[in-house]
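Quick notes on the structure that follows.
Numbering (mature numbering (1 follows the signal peptide of the UniProt record, and there is no 0)), first residue to last: -18 to -1, 1 to 137.
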């Protein structure tokens, strides 16, 4: 009986010590520091915001609308069948898209310039996004989205 009591005492002592260091192992909420105000004119990287900007109807609907608005130049249709594109833009505090640019791979530079112009035109016609937030304030956020353009060859 005495051995059982000692074993239980040791078990509960170890268990209590293990629980005492939970603050060291897990994030503990810190008080809000009002000195660290959000700079509303800064362009924040996507990963650095509290609430990410997003297209209100979902990214799939965004791609559907973008596909309808994008005109692919004939030179691009002749040169490639799969083009990888990264579209860069800033979601402004009011949801507008600005500073639109893209990186196109899979075709030569001369042909890609025409496609980049069409991507910018199509993005300017897109509806507004819901802006991102930092500390509850609406902020400008840099977004990069992938887009894959598949061109079907006509027989």
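We treat Cβ as the ideally placed atom computed from N, Cα and C, and that holds for glycine. In this text, all values refer to a predicted model and were calculated from it rather than measured experimentally.
DSSP state of residue i mapped onto helix, strand, coil
i: residue 76; result: coil
i: residue 81; result: strand
i: residue -16; result: helix
i: residue 126; result: strand
i: residue 86; result: strand
i: residue 69; result: strand
i: residue 133; result: coil
i: residue 52; result: coil
i: residue -9; result: helix
i: residue 107; result: coil
Residues that DSSP places opposite residue i in a beta bridge
i: residue 114; result: 121
i: residue 33; result: 115
i: residue 27; result: 124
i: residue 97; result: Residue 97 is not bridged to any residue.
8 Å contact criterion, which residue i and residue j should meet: CB distance rounded
i: residue 80; j: residue 72; result: 5 Å
i: residue 59; j: residue 127; result: Incorrect: roughly 23 Å between the Cβ atoms, too far for contact.
i: residue 124; j: residue 34; result: Incorrect: roughly 11 Å between the Cβ atoms, too far for contact.
i: residue 47; j: residue 108; result: 7 Å
i: residue 131; j: residue 75; result: The pair is not a contact, with the Cβ atoms about 30 Å apart (cut-off 8 Å).
i: residue 110; j: residue 77; result: 3 Å
Problem set entry | Contact between the region 45 to 55 and the region 101 to 109 (3+ Cβ pairs under 8 Å) | By the Cβ criterion, the region 45 to 55 is in contact with the region 101 to 109, since at least three pairs of Cβ atoms, one from each stretch, lie closer than 8 Å.
Exercise. At a cut of 8 Å, does the region 35 to 49 reach the region 87 to 99 through at least three beta carbon pairs?
Worked result: The answer is no - the region 87 to 99 does not touch the region 35 to 49, with fewer than three Cβ pairs under 8 Å.
Exercise. Given 8 Å as the limit, is there contact between the region 107 to 117 and the region 83 to 91, that is, 3 or more CB pairs closer than that?
Worked result: Counting Cβ pairs under 8 Å, fewer than three are found: no touch.
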